[in-house]
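Be aware that the sequence shown starts at 4, since it is given in this note's numbering, and climbs by one per residue. From the three backbone atoms N, C-alpha and C, an ideal C-beta is built for every residue, glycine too.
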Amino acid sequence: MNRRDFRERVAFEDNAVSAQLFGPGGRNLKALQRELRIAAHNRGNELTLVGEQESVELAQTVLVQLYGMVQRGFEVSTEEVLRAIRVLREAPEADVQRIFTDTVLVTPSSSPVTPKGLAQKQYIDAIRRCDLVFGIGPAGTGKTYLAMAMAVSWLLEHKVKRIVLTRPAVEAGERLGFLPGDMVEKVNPYLRPLYDALHDMMDIRRAQHLIDRGQIEVAPLAFMRGRTLNGSFVILDEAQNATSEQMLMFLTRLGFDSKAVVTGDITQTDLPDGQTSGLSEARTLLRKIEGLAFCHFSEKDVVRHPLVQQIIKAYEGRTRNRNGDS
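What follows is the structure, given as structure tokens:
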């Protein structure tokens, strides 16, 4: 630090609340300092922040907003401190409390499902507002998980009569005909991630009971043909692997009092070379239609290990180079 460093004092009314905010051993505060490359000097209920002005002002905003969350009884982890920094870097006027405390679903065995960033909050709001929402972006951004949480919440609140979860069963490396078992057993591995997400949000026995009653259905996309889905919350996952014809078929299944969420990553299609992705085509054809929404995620929105963001960015760069983009 040098004489040109900017200084800002932040006073907290409640020492106990500020101690919770700083975390055990001050680890949350240390993470803030490392991420923003500032120094923080604590004396009583007053914290002095020292560093570049932009970083100091951002740190002050993060601390004040997260302090309000702790006052309301929410636990703040190091991960949430880093997420708050990312949100406020992207949108300085954002209300972090409003984003992080928007509870989508309270699960029986884990923390409540809430948005982890601005893009996820916009996605959740779009699902609440529109009957058809497309969530497009890389793996790890919470597209399917949040859609699943919304679906479970709506079913439990009796806003819909059933949940329908579907995926294209694309042959990637193995032909279905050579896999053991009947057709249901052949396609089950493709649907396993949907079951896993469902079981993360509901007691397994209750989930199985709802499946047995037909209130939750997990099926390959091909099984949707010829149906009309009324009173349903429908999720099409891995939609980049749907053909143009399959996407049209799926979108025209939507009935009255229903909601559909389509998720996928248009950079990761497993379709044969030269075959157009139904998701990519839908984004082009439907973007001007009112009443539906397209929500886009990037590597910045990945909520897995920080290395995953860098890996996705590197592979996206490779794809651009192959396509001759600058």
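- Taking a cut-off of 8 Å for Cβ pairs, the region 130-141 and the region 265-283 touch, as three or more such pairs fall below it.
- Judged by DSSP in its simplified three-state form, E83 adopts helix.
- Taking C-beta separations shorter than 6 Å and ignoring five residues to either side along the sequence, the partners of Q56 in its chain run F9, following chain order.
- For E220, the enclosing beta strand (DSSP E) begins and ends at I219 to P223.
- For A172 and R132, the gap between their C-alpha atoms comes out near 30 Å.
- For the pair of segments examined, the region 95-103 was found to touch the region 66-76: the number of CB pairs separated by less than 8 Å reaches three.
- Inside the region 50-103, DSSP marks whole alpha helix (DSSP H) runs of 4 or more residues at positions 56-74, 81-93 and 99-103, from first to last along the chain.
- The Cβ atoms of V163 and G258 lie no closer than 8 Å to each other.
- Under the DSSP assignment, R132 falls in the alpha helix (DSSP H) whose first and last residues are L121 to R132.
- Of all C-beta pairs linking the region 119-133 to the region 208-226, fewer than three are shorter than 8 Å, placing the two stretches out of contact.
- Burial state of T255 is exposed, judged by a 10 Å Cβ sphere holding fewer than 16 other Cβ atoms.
- Its Cα nearest to that of I88, the residue E38 stands out among L24, D128 and E38.
- When the beta-carbon positions are compared, D203 and T110 come within less than 8 Å of each other.
- Close CB contacts of N31 within its chain, under the 6 Å cut and outside five residues either way in sequence, are with F25, T81 and V84 (chain order).
- Only buried fits V116, as 16 or more other CB atoms lie within 10 angstroms of its CB.
- Using a 10 angstroms sphere on the CB of E241, the tally of other CB atoms reaches 16 or more, which defines it as buried.
- V155 and L232 do not touch by the CB rule: their CB atoms are close to 17 Å apart, not below 8 Å.
- In the DSSP assignment, R208 falls within the unbroken alpha helix (DSSP H) covering I207 to D215.
- Boundaries for E248: no beta strand (DSSP E) harbours it, while the alpha helix (DSSP H) harbouring it runs S247 to L254, taken from the DSSP string.
- Excluding the 5 residues flanking it on each side, L91 has same chain C-beta neighbours closer than 7 Å at L61, T64, V65, A97 and V99, in chain order.
- Pairing M151 with L201 gives a Cβ-Cβ distance under 8 Å.
- Distance check between E11 and each of N48, V20, L52 and T279 places L52 closest, using alpha-carbon atoms only.
- With distances taken between CA atoms, V237 lies nearest to F253 out of A296, Q249 and F253.
- The C-beta of D304 has 16 or more other C-beta atoms within 10 Å across all chains shown, which makes the residue buried.
- For R37, the uninterrupted alpha helix (DSSP H) run begins and ends at R30 to L39, by DSSP.
- Per DSSP, reduced to three states, the secondary structure at T266 is strand.
- In summary, S261 is buried, with 16 or more beta-carbon neighbours lying within 10 Å of its beta-carbon over all protein chains present.
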